[in-house]
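Encoded as structure tokens, the structure appears first; notes follow it.
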Amino acid sequence: MIRRFWLLGLLALVSACSQQSTKPAAVAFHNLNAKYNAIWQADRLKKTIQKKFWEEHKEDYKSILPIIPAIDSTFGQQHAADIDLVIKKASLVIDRHQNSHFVDDAYTLIGWGRYIKKDFKNALETFKFVNSIDNDSRSQSTSLIHLHQIYTHQHDFTSAEKVGEFIQSLDLNPSQKNSYLLSRAYFHQSKNEIIPTIALLEEIIPSLSSGEEKARLRYILGQLFESQGKNNLALENYAAVKKSKASYDLQFHATLSVHQLNNAPEELEKMIREPKNEDHVPALYAALGEIYFKNKEFDKAKDYWTKGGKSGSDRGELYLQLGNLFAKQLKRFDEAAKYYDSAATSINPNHPAFASTQKLKSTWSNYLQLSKALSQEDSLLKLSNMSLAELTDMYQKTQKKQQRKTDSLLSKTAALQNNVVFTRRPASPEQQSFYFNNDQARIQGQQEFSNKWGVRTLEDFWNRKNKNNNLTNRIVDLTQNNAGATSENTKTNSNNPVVNDSLQIWLNSIPKSPAQIAQVKKREEDALFELGKFVRLELGEKEQATQLLKKLLTNYPGTSHEAEALYLLYLSSDKDSPEQKNYRSNLFDRFPTAYFKQLILKIENGSLTESNELAAQKAYELAYGQFKANNYTEASRQCQQILQQFPGSNLEDKVVFLKALCYGGLKEFTSYQDNLKNFIQAFPKSPLTTEAEALLKAYTKNKN
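This is how it looks when you write it as structure tokens:
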């Protein structure tokens, strides 16, 4: 009888454990197991992962911190096992406790796991599904807030706005309200809407308990106020960070911001000397550079940024700032090019300025090549005007200078190799038995070694018989021999054929005949023009371009580049200034048919009216008819007339191209080639450019 009762009780218990049952006992059983088993474990693991995220997250204090940090896919990859375990634990609820009240919580945890792995597509679908299976306001609100954050991360502001409107209709608890307000503030921050971002942060911060999160939001609020020029409010928030229980890193940067706003470089100098700031010294150098840059003390800014770039992890960004400083303020372009090259090499590929830095490197590398080419031709011309005696004297002085550098290097090497210093910690009595800890045994061993082998350096095969026993004597002998050879060469070059040969090779590279000098002058003429043109069009440096192009026109009157040089000088001059008017009149008077004249008219007149466009169309058809009839002279005249009467028309590229073809028909091949080149340069996006390039290539090939 008792056995039957046990069987009946067991059957009742099994039926109550069924996850398909809706009976109160079954639901209670599965609620208990879901909440205090799988959900509890998954939620605990989630909090551990969140803690690791903030521990490993690196803030970029050089820009305004994001209110909600962007999800880094690298973090998801590194912690994939733990995140997958959260998803696995939450999935147990769905598999084994379908009738519990915690299925929606399980899906929310799964969605969070996908979110932190940056699997936004599946995370969105999961959070949307949570809102379709249950009306539990707690899990529904949490999933909607996550949806809002993901849409903001993706810059899908329309969808984020719709989700936000729905969240506002829900009854949120204090924690959910803060989470939503933070998400909303991040939404406005991502849209660069500073005022509503500040308003939301000021609403959220008082409700938070003191700690890292509150201090971080205070710091962001200070940054936002600083970006708006409200320095007093910014200082208040930075001061609040310094008084909080925030991490030292956050407090350090708050202090840094305070001293920068107060323009107090002496305070930053004090911070550099503090041992606790040893890891932050590069950041302090960078901040000092910014202070002096704002004060227009550019040399000091250069010095501090250079110091910061030697050891800091953000040296790529500092090199970029130095490149900008040399290019824009100091106008030392050769050094700017070198810093841009270093910046492109050092900057992190994930840095927002990475692509622009690579472009700067390429542009300024081209500048450096053009500048070196010009310097080389200029140097050759200066050397060509010197006498043989002057050239010989210059060569010998250069050789002496190089020899002094070699001697200095050898002396330093000898000093380093003969003054090896070992620093040892005092050994304890029980360690004295070890040879290298016993000073008496070690000194005796050194003496025995020296007596047998002499003074030897630390190098491979030190015990070879043909090794010199005294390295110092060997270096001194070598130095004396070199010095003696140099002094002999100074007295007479005939005793050293090597020097004579190198001197003669150098002399042979210097142009002396009129033909050689003419070739160098032509190369310098072209280099002056190319560099001036590059500086104006690629770098946008009007002053430097003006100097180069003026030098071109002064040193080489009647240059083949005169028309374009006058046009570039026109562009580099102040609008309606006497200089600009002078360049314009010279271009119009000397080159009435040049295309650069049409470009100036286009700039001055702007776009044409519809009636003028129709008139230009008719005139072009007439000119094209003349071209088809082989009346090239008349077609060319009509093309020139169209360019003068209707500058900037929609058919301008066709007119210029037709004019170039007319020169080809007239067999004026120099003008034909020049006009094709001008067309390609002026209309790089024209459909006719490809044909023009093909014609120019064919002409060049046939010509050669």
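Count the sequence shown with mature numbering (1 follows the signal peptide of the UniProt record, and there is no 0) and you get residues -20 to -1, 1 to 684, in order.
Cβ coordinates follow ideal geometry from the N, Cα and C atoms, glycine included.
Nonlocal neighbours in the same chain, by C-beta distance under 7 Å from Val635, ignoring five residues either side: Tyr600, Cys619, Ile622 and Leu623
So the alpha helix (DSSP H) Leu631 belongs to, where does it begin and stop? Run containing Leu631: none; DSSP gives neither H nor E here.
Could you give the distance in angstroms between the alpha-carbon of Ala281 and the alpha-carbon of Glu258? 21 Å
Quick one: what's got a C-beta closer than 7 Å to Ala22's C-beta in the same chain, skipping five residues either side? For Ala22, where only same-chain residues beyond five positions count, the Cβ hits under 7 Å are Val66, Lys69, Ala70 and Leu89.
Under 9 Å, do Ile44 and Thr132 count as touching if we go by C-beta distance? no
Continuous alpha helix (DSSP H) stretch holding Ala599: start and end: DSSP places Ala599 inside the alpha helix (DSSP H), whose first and last residues are Glu590 to Lys608.
Per-residue burial, Glu297 [other beta carbons within 10 Å of its own, 16 or more giving buried]: buried
Under the rule that 16 or more other beta-carbon atoms within 10 Å means buried, what is Arg295, buried or exposed? buried
Buried or exposed: where does Pro245 fall if 16 or more other Cβ atoms within 10 Å of its Cβ makes it buried? buried
Taking its Cβ as the centre, do 16 or more other Cβ atoms sit within 10 Å of Trp92, making it buried, or is it exposed? buried
Can you name, in chain order, every residue of its own chain whose Cβ lies under 7 Å from the Cβ of Ser345, other than the five neighbours on each side? Ala317 and Asp321
Sort Pro262, Leu305 and Pro255 by Cα distance to Asp279 and report the nearest one. Measuring from the Cα of Asp279, the nearest candidate turns out to be Leu305.
Could you tell me whether the Cβ atoms of Ile485 and Leu371 are closer together than 9 Å? no
Could you check whether Ile113 and His128 sit closer than 9 Å to each other, using their CB atoms as the reference points? No, the pair does not count as a contact, with Cβ atoms beyond the cut-off.
Taking only runs that begin and end inside the segment 533 to 560, name each unbroken alpha helix (DSSP H) of 4 or more residues, in chain order. 542 to 552
Asn611 versus Gly644 - alpha carbon distance: Looking at the two C-alpha atoms, the distance is approximately 12 Å.
First through last residue of the alpha helix (DSSP H) which encompasses Asp85: Following the DSSP letters along the chain, one finds Asp85 inside the alpha helix (DSSP H) bounded by residues Val83 to Ile96.
If Ile96 and Gly144 are in contact, beta carbons under 8 Å, what's the gap, nearest whole angstrom? Incorrect: roughly 22 Å between the Cβ atoms, too far for contact.
Ser139 - containing alpha helix (DSSP H), residue span: Phe137 to Gln148
Given that a residue counts as buried once 16 or more other Cβ atoms are within 10 Å of its Cβ, and exposed if not, what is Asn217? buried
How far does the alpha helix (DSSP H) with Tyr16 in it reach, from first residue to last? From DSSP, Tyr16 is part of no alpha helix (DSSP H); its letter is neither H nor E.
What span of residues does the alpha helix (DSSP H) with Phe306 cover, start to end? Careful: Phe306 lies outside any alpha helix (DSSP H) and carries neither H nor E.
Where Tyr575 and Ser616 are concerned, what is the direct C-alpha to C-alpha distance, given to the nearest angstrom? 13 Å
Per DSSP, what kind of secondary structure is Gln578 in: helix, strand or coil? helix
State buried or exposed for Gly538, treating a residue as buried only when at least 16 other CB atoms are found within 10 Å of its CB. exposed
Are the CB atoms of Ala323 and Leu348 nearer to each other than 9 Å? Contact annotation: Ala323 and Leu348 have beta-carbon atoms that are not nearer than 9 Å.
Beta-carbon proximity of Thr343 to Glu518, cut-off 9 Å: yes
Reference Leu230; option with closest CA among His260, Lys250 and Thr177: His260
So, using beta-carbon positions, are Ser326 and Tyr299 closer together than 9 Å? yes
Gly209 by DSSP, collapsed to three states: which one? coil
Can the beta-carbon of Leu567 be found less than 9 Å from the beta-carbon of Lys555? no
Quick one: Cα of Thr177 to Cα of Ala226, how far? 22 Å
Helix, strand or coil for Lys38 per DSSP? Look at Lys38 here: in three-state DSSP terms it is coil, with no helix or strand label.
Could you give the first and the last residue of the continuous alpha helix (DSSP H) run that contains Met251? Under the DSSP assignment, Met251 falls in the alpha helix (DSSP H) whose first and last residues are Pro245 to Arg253.
For Leu602, is the classification buried or exposed, using 16 other Cβ atoms within 10 angstroms of its Cβ as the cut-off for buried? exposed
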